[in-house]
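There are 2 protein chains.
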Amino acid sequence: MKRALPLVFTLSRIENLMHQVSFDFAEMRGRIITNTTRVDKKNLQETLAVFFDVISAGLAVSPLIMMEEEGRRIKLKTACSLTISGVMLKHGIPVRPKGGGLIEVVGRKPTRFTDMLMYWATTVDPIDLLTAQGMTDIAGMMRTGNGRILGNLQEAPFPARDRIEELLEQLSAVDFAGILELGDPNMDVLGVSVERDHVGIALVGGTNLVAAAQEADIPVEHESISDLTEVSLMKHIDELI
Amino acid sequence: MKRALPLVFTLSRIENLMHQVSFDFAEMRGRIITNTTRVDKKNLQETLAVFFDVISAGLAVSPLIMMEEEGRRIKLKTACSLTISGVMLKHGIPVRPKGGGLIEVVGRKPTRFTDMLMYWATTVDPIDLLTAQGMTDIAGMMRTGNGRILGNLQEAPFPARDRIEELLEQLSAVDFAGILELGDPNMDVLGVSVERDHVGIALVGGTNLVAAAQEADIPVEHESISDLTEVSLMKHIDELI
């Protein structure tokens, strides 16, 4: 009798990739979690121009990109924010990715999650689902300071808060950023409650790059949290445009 | 200080509507849960033709439709499968909608869920998210017997199984159908496990109608599980085409 394949929820895929993260940010080498985007060659420069704006606005995880030719298309690998969770895990912090969602930004300040999907309860990536709904307004956020961006929420036990803060600063020093909020113990983060004795950490979604490209009507094919990439093979966007 | 609005997960919206169901299937009156679709007038006949095919193929919940003019557009209300959960609830069965997903059909037989999103863990309707991903193949299912359709999974305590079967038969007698599988106690339903001492019930998604219209490139605006409609005001599709 044919056995049905089990459903694979996004959290399993994330944990599988987090486990394989080997990012050494002092040496800038090792594997990070990446998103994969494919664009036609003729749209590459326009795509990179949008990516540059999103990175400059602080709405991406890192300015590093790996570019690869694939026939008439170019494959772009960009950093996924779950890299940061992977680094925390490799430093012994039991961090748990909770969900991906849309965050309302007012006056350049993230205010609250307006929509969210929990990673353990969906087989399709929340960020990819929300991007396809056309609910983002990243252009608005960049132009006026008001808009809707993609982000996610993580949780960790509150005694780890100082160590998390330290790690986030070290990552930030090598341009791995995108922390929207590190909550206080037991306090809501962007309107979402965290488990008792935990802190919440809200990160920008690396897919903001791609959602902004889609808002600009650039045809892209995209998969979030797709795989791992050796960080030393990636180039700063300044070298690419 | 401004309080953030809380996130409203789909399950809350569903339970709110289930609570308001007053469908009396013996008299064919009372409120049922409906989906709302808007199409341009010029596309109405083509849309109804697709709806007719989907209903004939047994991939919709009911042949009843309420049509209403809205300027240049027509609003179509069609039955949502959660009506069936609402009826079970009103007959004292503690039924719990679990999630919506994609079901692979082989040789006209539903075989397994290939993707699923849990209702309690998403603020956007799972079926609407999956429809936007273009992952359905309802046309394929209707043409060749192989394809991917929308469906959902419910759970109820197993001692209620006989009563559920009886209700499903009564509903089926008045053309409210779309039961894909009523599981045995503790047994997987289309590859998804159920809670201990429960039975799973897989139902076709009422949104198959609309996903099929989108597959046929008819532009539609759609919201699943949108509201309630008085069933006596709805007409059989045979009267409309």
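Each protein sequence line maps, in turn, to chains A and B.
Each residue of the first sequence is one higher than the one before, counting from 14 in the numbering used here.
Each residue of the second sequence is one higher than the one before, counting from 14 in the numbering used here.
Backbone N, C-alpha and C fix where the C-beta goes; we use that ideal spot for every residue, glycine too.
Rounded to the nearest whole angstrom, the C-alpha separation of ARG121/A and ASN159/A is 6 Å.
Residue-level contact by beta carbon holds for LEU130/B and chain A, with a gap shorter than 8 Å.
Taken atom to atom, the span from the alpha-carbon of ILE78/B to that of MET247/B is near 5 Å.
Approximately 7 Å separates the beta-carbon atoms of PRO198/A and ASP210/A; this is inside 8 Å, confirming the contact.
At a beta-carbon threshold of 8 Å, the residues of chain A lying near ALA134/B are GLY112, LEU130, MET131, TRP133, ALA134 and THR135, ordered along the chain. Taking 8 Å as the threshold, the shortest C-beta distance from PHE126/B to chain A falls below it.
In the structure shown, the three-state DSSP call for GLN146/B is coil.
Under DSSP, LYS54/A takes part in no beta bridge, so it has no partner. Excluding sequence positions up to five before and after LEU57/B, its CB lies within less than 6 Å of the CB of ILE87, all in the same chain and listed in chain order. Pairing ILE46/A with GLY84/A, the inter-Cα distance amounts to about 24 Å. Per DSSP, GLN227/B has no beta-bridge partner at all. By the 16-neighbour rule on beta-carbons within 10 angstroms, GLY147/B is exposed. About 6 Å separates the CB atoms of LEU166/A and VAL205/A; that is less than 8 Å, so the two are in contact. Excluding five sequence positions before and after PHE126/A, the CB atoms of its chain that fall closer than 6 Å to its own CB belong to GLY114, ILE116, LEU203, GLY204 and VAL205, given in chain order. With the criterion set as a beta carbon lying under 8 Å from some beta carbon of chain A, the members of the region 190-207 of chain B are ASP201, LEU203, GLY204 and VAL205, in sequence order. Across the set PHE65/B, GLY99/B, GLU82/B and ALA73/B, the C-alpha of GLY99/B shows the shortest separation from the C-alpha of GLY43/B. Along the region 163-190 of chain A, none of the residues has a CB nearer than 8 Å to a CB of chain B. Residue environment for SER245/B: exposed (fewer than 16 other C-beta atoms within 10 angstroms of its C-beta). Considering only beta carbons, no part of the region 218-229 of chain B lies closer than 9 Å to chain A. For the region 149-190 of chain B, the full-length alpha helix (DSSP H) segments reaching 4 residues or more read 151-157 and 174-186 along the chain.
ALA169/B places its beta carbon 8 Å or farther from that of ALA134/A. Less than 8 Å separates the beta-carbon of LEU30/A from that of LEU241/A. Judged by DSSP in its simplified three-state form, ASP201/A adopts coil rather than helix or strand. Residue pairing by DSSP places VAL244/B opposite no residue, since no beta bridge is assigned to it.
The beta carbon of ALA145/A falls within 8 Å of a beta carbon belonging to chain B, placing the residue at that interface.
Contact of LEU20/B with chain A is assigned, a C-beta pair being separated by under 8 Å. Taking GLU59/B as reference, the option from ARG161/B, ALA226/B and ALA186/B with the minimal CA-CA separation is ALA226/B.
With a minimum length of 3 residues, the unbroken runs of beta strand (DSSP E) contained wholly in the region 41-88 of chain B fall at 44-53 and 77-83. In this structure ALA152/A is in contact with GLU228/A, their Cβ atoms being roughly 5 Å apart against a cut-off of 8 Å. When the five nearest sequence neighbours on each side are left out, the beta carbons in the same chain lying within less than 7 Å of the beta carbon of LEU180/A are those of VAL100, MET101 and HIS104, in order along the chain. Note that the C-beta distance between THR96/B and VAL52/B is not below 8 Å.
ARG125/B: not part of any alpha helix (DSSP H); member of the beta strand (DSSP E) spanning 122-131, first to last residue. Sequence-distant partners of CYS93/B (beyond 5 residues in either direction) whose C-beta falls short of 6 Å from its own C-beta, in its chain, are ILE46, THR47, ASN48, GLY219 and ILE238. Nearest to LEU18/A by C-alpha distance, out of MET129/B, PHE65/B and LEU142/B, is MET129/B. By a beta-carbon distance limit of 8 Å, ILE177/A does not contact LEU193/A. Their separation comes to about 14 Å.
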